Each structure stands twice: as structure tokens, then as C-alpha cells.
Amino acid sequence: MEEERVDMEWCRWLPKIELHAHLNGSIRDSTLLELAKILDDKNVIVFSDVEHVVLKADRSLRECFTMFDLIHLLATDHKAIRRIAKEAVEDFAAENVIYLELRTTPKKNDSIGMTKRSYVEAVIAGIESVETVKVEFIPSDENTKKPIKTIPIIDSYEPKTKKIYVRLLLSIDRRETTAAALETVELASEMKDSGVIGIDLSGNPRIGDWFTVLPALNRAKELELPITLHCGEVPNKKEIQAMLEFCPQRIGHAVFLEDDEWKTLKSSYIPVEICLSSNVKTRCVPSYDDHHFIDLYNAKHPLVLCTDDPGMFSISLSREYYIAAKTFGLTKAQLHEMAMEAITYVFADHKVKKALEEIFKDSERKLT
Ligand code: 6MZ
Numbered sequence: 001m002e003e004e005r006v007d008m009e010w011c012r013w014l015p016k017i018e019l020h021a022h023l024n025g026s027i028r029d030s031t032l033l034e035l036a037k038i039l040d041d042k043n044v045i046v047f048s049d050v051e052h053v054v055l056k057a058d059r060s061l062r063e064c065f066t067m068f069d070l071i072h073l074l075a076t077d078h079k080a081i082r083r084i085a086k087e088a089v090e091d092f093a094a095e096n097v098i099y100l101e102l103r104t105t106p107k108k109n110d111s112i113g114m115t116k117r118s119y120v121e122a123v124i125a126g127i128e129s130v131e132t133v134k135v136e137f138i139p140s141d142e143n144t145k146k147p148i149k150t151i152p153i154i155d156s157y158e159p160k161t162k163k164i165y166v167r168l169l170l171s172i173d174r175r176e177t178t179a180a181a182l183e184t185v186e187l188a189s190e191m192k193d194s195g196v197i198g199i200d201l202s203g204n205p206r207i208g209d210w211f212t213v214l215p216a217l218n219r220a221k222e223l224e225l226p227i228t229l230h231c232g233e234v235p236n237k238k239e240i241q242a243m244l245e246f247c248p249q250r251i252g253h254a255v256f257l258e259d260d261e262w263k264t265l266k267s268s269y270i271p272v273e274i275c276l277s278s279n280v281k282t283r284c285v286p287s288y289d290d291h292h293f294i295d296l297y298n299a300k301h302p303l304v305l306c307t308d309d310p311g312m313f314s315i316s317l318s319r320e321y322y323i324a325a326k327t328f329g330l331t332k333a334q335l336h337e338m339a340m341e342a343i344t345y346v347f348a349d350h351k352v353k354k355a356l357e358e359i360f361k362d363s364e365r366k367l368t
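Rendered as C-alpha cells:
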């Protein structure tokens, strides 16, 4: 059926919800190269050594974490953090992402006077400086301290005021100590009124230990902060079982689950953040056809398509929807339903969910 054909333009038009995107994995290559030039001028790095590393197309999971160490060196200071946060929101909005939960690991760097709090404040300043789209960041109730910017822009389909809801998740890096992880959780709780909405556990899955971070995750539960865990990105049966038993609000990846863990997951209805290209490009999954997405989708298990690291993998959320359509033969109606279903899994409050529903209802009318 000709009119049923899903193409990239349609996937871009589709309103989308992004729930698994790492800030430092969402940096434009052009920005990374500019930041590298600045450090080259200061004799901190040699630009030519870095350029080809930044532009490399495919990376194994191990290489990704080496790359993150380089990225963290390039985007070290508050100014760079503000810039990458601003650009990340602009880039997601340009893909018609209408709700973004951006996650980032608060970093401490005494040599430049950076604390975990000042790092998060720089991210927030970056988000608030976005000008290409109206950003609803701090919950817009009567207690809102700062006015929300309203900048009407014309999108390619119809004139309207484009808007993106943005919330922050603070990530605990698996390399961190219990004390450092606890500091992040306390900070998230203190910054609840500033757009921070939950906690993520991420980092190199071959490093670190579940029991080191567990006290911090238990504290997050006590503080009623929603939690999402990177779960089963590499085979680790004991950890996967412990994570499922912990019963977080969402998990990311869920690649290396075995039969009994699939059963536990499916009976728990824990929503899964699916990162198709990330899993294929890092060779955690051999091909798109082999991806566990389709098994979960057919089982009607709660899931949401996400990018993970759109900068690192040179991808977009629109493209992930397109790949899902092409690989698994999904129709426009099915993609729309899947995108809309994600409202259920966002960590934001009822008011935001209602507003998102309205946007999807409106786009649904334009489907036929
Ligand atoms: C696990 C990942 C990841 O926090 O500095 N991160 N953790 N698996 C992945 N799959 C590829 N991709 C990114 O963003 C970068 C950090 O996010 C985590 C890693 O801890 C990485 O250092 P932020 O903004």
C-alpha cells in the first residue's frame, strides 16, 4: 500500500518521546572538534591525534567508554557543559522530540572549581538558554521561579509554537564509590524543583559492582526518586537478577537476559528503554533482525525506542523509528501507537502526561 510507506520524513514528523539519552553521548561532532581545537591551542591535546578518533563511525562497547573518557576531557568546564546541553536540546527538538529525559553524570573537578552541583547547574543553564524552541523545563506551576521562554518558530509542516518538555536524570557512574553515588542521589533530591526528576545507573558494564551502588539506589527509593538501570548490556546473570529483584521504574538495554530473566521481566512489566542502533553498533546484538525488540513488542511488553548516544553513534530518534519500521515491518499506526505509549513510562507528573496526550491525539487525527 503506497500511502502506508514509512519514510524518514514521516518518522521526523511523528511526535516522539526520548527517555534514554546521555548528555555527553549527544554532542555534535562539529562541537567536539571545536572543543578539541580550543584545547589544542592551550597545548592540552594535539588536535590531529583527536580528530580521527572523534570522526570514527563504529565503535565496540569497550571503545565507546574510551571515547567517553576523551569526550569528558574535551567537554570539561562549565562553559562547554552549558553549550552541549543547549545544543543537545535543540537537536532533539529538531527531530520533533516533544519530551526529553536527558541523563548526565554530575562531575567534580577541583582544579576548575567544579562540584557536582555546579556541573548540574551548568547543564540547567544550557537548557534554559535554548532559543530555537520553547522549553518547558522547570515544572510550570505557580511556584515556578523563572518564566518560560516562548519563541514561536515555523516547523516544516505547519506554523505553530514548537515546544519540548525537558527533564533531567542524574546518572551514577558504575566506577563511583558508594559515597559519591550517595552524593548524586542527595543532589537529585535537592534539585527536584529545578527540573531533576530521577536517577540512572550507567557506565562501563564490565566495571563496578551492584552492591557498591545499592545503598545509593535504596536511598533514592526512600526519597521517592524514580530509578532506571542499565541492565544486561553484557552477560552478568547475578547482577541482572539483582536488578530485576530491585524493581526499578525502568531498565535500559536488557540484551543479555536468559529465559528465566525474560520471564521475570515480562511478569514484572518493567518498561524497557530499547536502544536498537546502540546495541547493534557496539556489537552487543549481531544485527537489527536479531534484536530482542520484536520479542518484547509481540509480547506487548512496555517499551520505548531511544537513542542512547545520538552523537556517539551518529543517529537520531527519528532514524530509530525508521529502522524499527523497516526491520520489523511496522506500520504508521503501530509506530504512532508505540510512540504515544511511551507517555505512560515518563517520570514527569500527570499534568505533563496530559499535555503529551493532547499532542499525540492531534497527530493521530493527521494519520489517516
Ligand atoms: C552504559 C553509558 C552508555 O553522563 O557524561 N553511558 N553507560 N552503556 C552505554 N552504552 C553505550 N552510553 C553512555 O554521558 C556519558 C556517560 O554516560 C554513560 C557512561 O557513563 C558515559 O561516561 P554523561 O553526560
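Using UniProt numbering, the letters of the sequence shown correspond one by one to residues 1 to 368.
Virtual Cβ for every residue (Gly too), placed ideally from N, Cα, C.
These numbers come from a predicted model, not from an experiment.
Taking the Cβ of Cys231 as the reference point, every heavy atom of the ligand 6MZ lies at 6 Å or farther away. The Cβ atoms of Val234 and Pro205 lie closer than 7 Å to each other.
In its chain, beyond the 5 residues on either side, Ser189 have a beta carbon closer than 6 Å to the beta carbon of Leu223. Between Arg250 and Thr264, the gap from beta carbon to beta carbon reaches 7 Å or more. The stretch 230–316 is shown to contain whole alpha helix (DSSP H) runs of 4 or more residues at 237–246, 259–268, 276–281, 293–298, 310–313, in chain order.
For Ile323, DSSP records no beta bridge to any residue.
Its chain contains His301, Pro302 as the residues whose beta carbon lies nearer than 8 Å to that of Tyr269, once the 5 sequence neighbours on both sides are disregarded; these appear in chain order.
Thr104 and Asn24 have their C-alpha atoms spaced approximately 7 Å apart. Lys237 has its alpha-carbon roughly 8 Å from the corresponding atom of Glu258.
Cβ-Cβ distances below 6 Å link Lys353 to Ile343 in the same chain, with the five nearest sequence neighbours on each side left out; the list follows chain order.
Counting along the chain, the unbroken alpha helix (DSSP H) around Ile124 starts and ends at 116–128. Rounded to whole angstroms, Ile17 and Glu101 show a C-alpha spacing of 8 Å. According to DSSP, residue pairing for Ile227 in a beta bridge involves Ile199. With fewer than 16 other Cβ atoms from the protein chains shown falling within 10 Å of its own Cβ, Asp110 counts as exposed.
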